[in-house]
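J.: In my numbering, the protein residues as written are 6 to 624.
Just dropping this structure here.
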Amino acid sequence: MAQDRLSIAFDLHRSGSVEEAKLVYQDLLATDPDHFDLLHLTGLAAYEGGALEESVRYFVRAIRTKPDFWQIYANYARVLQDLGRLEDARACYDKAILLQPGDAQTHRDRSLVLQGLGRFEDALGDLDTSIALQPTNALAFNNRGAVLRDLGLLEEAVGSYDDAIRLDGAFTIAHSNRGVALRGLGRHAEALASYDSAIAISPDHANAWFNRCNALKDLNRLDEALASIDEALALDPRYAQAHGNRADVLQAMGRFARALDSYDQAIWLHPAYAQAHSNRGEALRSLGRLDDAMASYDRAISIKDDYAEPLWNKSLVTLLRGDLREGWPLYEWRKKTKAPYGDRNFPQPLWSGAESLQGKSILVHWEQALGDTIQFCRYVAALETLGARVLFAPQKPLRGLMQSLAGACELVDVDDPALRFDFHLPLLSAPYAFKTDFSNIPGQTPYLKAQADRVERWRKRIGPEGLKVGICWQGSTGPIDAGRSVPLTAFRSLSEIPGLRLISLHKGEGESQLRDPGAQMTVVTLGPDYDAGADAFVDAAAAIMCCDLVITSDTAIAHLAGALGARTFVALKHLPDWRWLLTREDSPWYPNMRLFRQTSPGDWDGVFKAIKQALERAE
6 MAQDRLSIAF DLHRSGSVEE AKLVYQDLLA TDPDHFDLLH LTGLAAYEGG
56 ALEESVRYFV RAIRTKPDFW QIYANYARVL QDLGRLEDAR ACYDKAILLQ
106 PGDAQTHRDR SLVLQGLGRF EDALGDLDTS IALQPTNALA FNNRGAVLRD
156 LGLLEEAVGS YDDAIRLDGA FTIAHSNRGV ALRGLGRHAE ALASYDSAIA
206 ISPDHANAWF NRCNALKDLN RLDEALASID EALALDPRYA QAHGNRADVL
256 QAMGRFARAL DSYDQAIWLH PAYAQAHSNR GEALRSLGRL DDAMASYDRA
306 ISIKDDYAEP LWNKSLVTLL RGDLREGWPL YEWRKKTKAP YGDRNFPQPL
356 WSGAESLQGK SILVHWEQAL GDTIQFCRYV AALETLGARV LFAPQKPLRG
406 LMQSLAGACE LVDVDDPALR FDFHLPLLSA PYAFKTDFSN IPGQTPYLKA
456 QADRVERWRK RIGPEGLKVG ICWQGSTGPI DAGRSVPLTA FRSLSEIPGL
506 RLISLHKGEG ESQLRDPGAQ MTVVTLGPDY DAGADAFVDA AAAIMCCDLV
556 ITSDTAIAHL AGALGARTFV ALKHLPDWRW LLTREDSPWY PNMRLFRQTS
606 PGDWDGVFKA IKQALERAE
């Protein structure tokens, strides 16, 4: 009779009626409490029904009854794994493999636990063993690709995913994961093709649509990215990360208010979603809601106290508000973000500002953009006043310009293995090390100089006629350029001022606007030999010294003109980069500079109206 009931329960279990099966198992255990198979099966039924802690109790009893049966350890390990007890799960898998070393699945399953413990090399070894035991198992190759990805071996990961797909061409997750590895390699178009393959196999695979959105975002195909993430959300409306990704796309499109709605939805579904809180802060910052942005950053940090992105973003708001002493320590978190700045590693210690530099040497190395180097190279001379021998490593294109830097620093290549020094300092850590505030900004302008022979050459080229206004309207494209570049046509009203000559200081992206017949204004260009050599800005510096005024958007030219002590007007977007602060018309970094700010996002007409009025009043 008991055997008949066990057969019925087993049939129920195999058919998916695990709760009914479990009740029969439990009833049978009441009369035979040490029956190994009943304990094992009841533990499995409890596990499959989601009752993990109950499952643990039955597995423990089963192991006590029959401690040398390998499969009970493998099954118990899966329960412990789902409970997050990874070390206990590993120990159970170890026991199972000791008793039965030839089971491919157990090696494969243990690799997942080892991966979760961060023991990637060991996980890879288990997967290699699993594949040796079962070389046609596509899942093992897929999982191997994931471990290789964790190890940063992305090319090898792609190869492993290719093996999985070779074994099972309809393996959706392998196609999608292959796309993730390709994206990590910067091969965004190929990643997109992999995601498309995954979706062709499984159109209802929300994660593939999610990943496809990322590839399209990388390719700056934002409308398609938005449509892709909407597909993911149509399939899974409670997919919190997809709501967050949708918000990221909207933010990249400049649709900040709509992005906030999606971040809020993501956070409602997943209140501890630190990345959504952090990125929500970015949207709020872009909207000028700085207090709310800081609150979002703080919420992200409360969830993950070493989360570099919101800590660094807090620094940008703090510095923008002019609280330099509070902002600089937070700014150091830039070194630990996903796209870090100033994070070069050297065996020599970082100079913190506390150590004596008398008789010591220090390597000051560049980070971020050319304009940053031009603004902060002023600290090189400040280091020399502390008794240091300064080795300064700017970007290679700036070495010609930096030869004019005040002081006796030695210009070097940061990658030169022969360099010898006692301390190092990322350039934009200098303000923190010097405890900079508005009262002690170093480097009286000018702290850079144009080459005299070049000035003379460009003076002859430009000529003496009229009020000579050098202009620049666009910096490097990319996320940093959002909203800061000015269309060349914005200068048209200035060209109407009698006697004023617009002289292009522009080089690179955006030059094509000079050839637009719709510009309807005259701009003097300086010819193909203008800054045509390997040294950036040496001709620009000379040309600036031949102008009566420079008018520019927030570009490296603004910093160059400021460092040269030239009279400069800077046109700023509504919420500018932190160094321009919030409301001032002057710049504490550059005494000869005047700032003209948008009163609302995108309002360049108002900015150039104010500039024209200042010129007409000869201010």
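The C-beta atom is built at its ideal place from N, Cα and C for all residues, glycine as well.
#1: On the CB-based measure, 16 or more other CB atoms within 10 Å of its CB, does Pro-315 come out buried or exposed?
#2: Any chance the region 599-617 sits against the region 499-508, with 3 or more Cβ pairs inside 8 Å?
#3: Can you give the Cα-Cα distance for Glu-236 and Ala-211, rounded to whole angstroms?
#4: Could you give the distance in angstroms between the alpha-carbon of Glu-415 and the alpha-carbon of Leu-368?
#5: One question on the structure: do Arg-349 and Pro-422 come within less than 8 Å of each other, judged by their Cβ atoms?
#6: How should Gly-468 be labelled, buried or exposed, when 16 other C-beta atoms within 10 angstroms of its C-beta is the threshold for buried?
#7: Among Ala-566, Asp-266, Ser-361, Trp-317, which has the Cα closest to the Cα of Trp-583?
#8: Between the C-alpha atoms of Gly-504 and Glu-621, what's the straight-line distance to the nearest angstrom?
#9: Is it the case that the Cβ atoms of Leu-569 and Met-550 are separated by a distance below 8 Å?
#10: Pick out whichever of Ser-22, Asn-148, His-370, Gly-332 has its Cα sitting closest to the Cα of Ala-1.
#11: Taking 8 Å as the threshold, find out whether the region 470-481 comes into contact with the region 443-459 through three or more Cβ pairs.
#12: Contact check, Leu-190 vs Glu-160 under 8 Å by CB: the rounded distance?
#13: Out of curiosity, what's the CA-to-CA distance linking Ala-151 and Asn-182?
#14: Tell me where the beta strand (DSSP E) around Val-419 begins and ends.
#15: Alpha carbon to alpha carbon, what distance is there between Val-529 and Arg-520?
#16: From Ala-623 to Gln-603, what distance separates their C-alpha atoms?
#17: With C-beta atoms as the reference, is Phe-176 less than 8 Å away from Ala-169?
#18: Specify, as a first and last residue, the run of the alpha helix (DSSP H) that Phe-64 falls within.
#19: Relative to the C-alpha of Arg-459, which residue among Asp-540, Arg-330, Leu-329, Phe-397 is closest?
#20: Give me whichever residues DSSP pairs with Gly-475 in a beta bridge.
#21: Looking at Ala-561: is its Cβ nearer than 8 Å to the Cβ of Gly-405?
#22: Count the other CB atoms, across all protein chains shown, that sit within 10 Å of the CB of Gln-525; report buried if there are 16 or more and exposed otherwise.
#23: What is the residue span of the alpha helix (DSSP H) that His-45 lies within?
#24: Would you please state the rounded distance, in angstroms, between the beta carbons of Ala-387 and Phe-439? I believe it to be under 8 Å.
#25: Using DSSP with H/G/I as helix, E/B as strand and the rest coil, what is Met-526?
#26: Starting from Phe-443, trace the alpha helix (DSSP H) both ways and give me its first and last residue.
#27: Does DSSP classify Met-299 as helix, strand or coil?
#28: Tell me the residue span of the beta strand (DSSP E) that contains Pro-431.
#29: Strictly by DSSP, which residues pair up with Ala-576?
#30: Would you tell me roughly how many angstroms separate the C-alpha atoms of Asp-553 and Asp-608, rounded to the nearest one?
#31: Going by C-alpha distance, which of His-18, Leu-510, Leu-240 is nearest Ala-537?
#32: Going along the chain, which unbroken runs of the alpha helix (DSSP H) with 4 or more residues stay wholly within the region 198-258?
#33: Is Ala-264 helix, strand or coil when you go by DSSP?
#34: Nearest CA to the CA of Leu-132: which residue from Gly-121, Pro-581, Arg-115?
#35: Pick out whichever of Ala-239, Asp-253, His-248 has its Cα sitting closest to the Cα of Asp-223.
#36: May I ask you to report which of helix, strand or coil DSSP gives Leu-499?
T.: According to the structure data:
#1: Buried is the call here.
#2: Segment contact: the region 599-617 against the region 499-508, three or more CB-CB distances shorter than 8 Å; contact assigned.
#3: Glu-236 and Ala-211 have their C-alpha atoms some 7 Å from each other.
#4: A straight-line Cα-Cα distance of about 10 Å links Glu-415 and Leu-368.
#5: Contact check for Arg-349 against Pro-422 fails: the beta carbons are separated by 8 Å or more.
#6: When all chains shown are included, Gly-468 counts as exposed.
#7: Cα-wise, what sits closest to Trp-583 is Trp-317.
#8: Approximately 11 Å, taken between the alpha carbons.
#9: Yes.
#10: This structure cannot settle anything about residue 1, because the visible part of the chain is limited to 6 through 624.
#11: Short answer: they don't touch.
#12: In this structure Leu-190 is in contact with Glu-160, their Cβ atoms being roughly 7 Å apart against a cut-off of 8 Å.
#13: Taking the straight line from one Cα to the other gives about 8 Å.
#14: Where Val-419 is concerned, there is no enclosing beta strand (DSSP E), given that its DSSP letter is neither H nor E.
#15: Approximately 12 Å, taken between the alpha carbons.
#16: If you take the alpha carbons of Ala-623 and Gln-603, they lie about 21 Å apart.
#17: Yes. Within cutoff.
#18: For Phe-64, the uninterrupted alpha helix (DSSP H) segment begins and ends at 57-70.
#19: Arg-459 has its Cα closest to that of Asp-540, out of Asp-540, Arg-330, Leu-329, Phe-397.
#20: BP columns for Gly-475 point to Ile-508, Val-555.
#21: One thing to note: Ala-561 has its Cβ no nearer than 8 Å to the Cβ of Gly-405.
#22: Residue environment for Gln-525: exposed (fewer than 16 other C-beta atoms within 10 angstroms of its C-beta).
#23: Taken as a continuous stretch (DSSP letters only), the alpha helix (DSSP H) holding His-45 covers 41-53.
#24: Their Cβ separation, rounded to whole angstroms, is 6 Å, which keeps Ala-387 and Phe-439 in contact under 8 Å.
#25: Three-state DSSP puts Met-526 in coil, outside helix and strand.
#26: Secondary structure note for Phe-443: it is in no alpha helix (DSSP H), with a DSSP letter that is neither H nor E.
#27: In the three-state reduction of the DSSP assignment, Met-299 falls in the helix class, which pools H, G and I.
#28: Unbroken beta strand (DSSP E) run through Pro-431: 428-431.
#29: The partner list for Ala-576 (beta bridge, DSSP) reads Ser-558, Phe-601.
#30: Using only the alpha carbons, I get a separation of about 26 Å.
#31: The residue with the shortest Cα to Cα distance from Ala-537 is Leu-510.
#32: Listed in chain order, they are 211-223, 227-240, 245-257.
#33: Ala-264 falls in the helix class under three-state DSSP.
#34: Answer by Cα proximity: Arg-115.
#35: Asp-223 has its Cα closest to that of Asp-253, out of Ala-239, Asp-253, His-248.
#36: In the structure shown, Leu-499 sits in a helix (DSSP, three-state: H, G or I).
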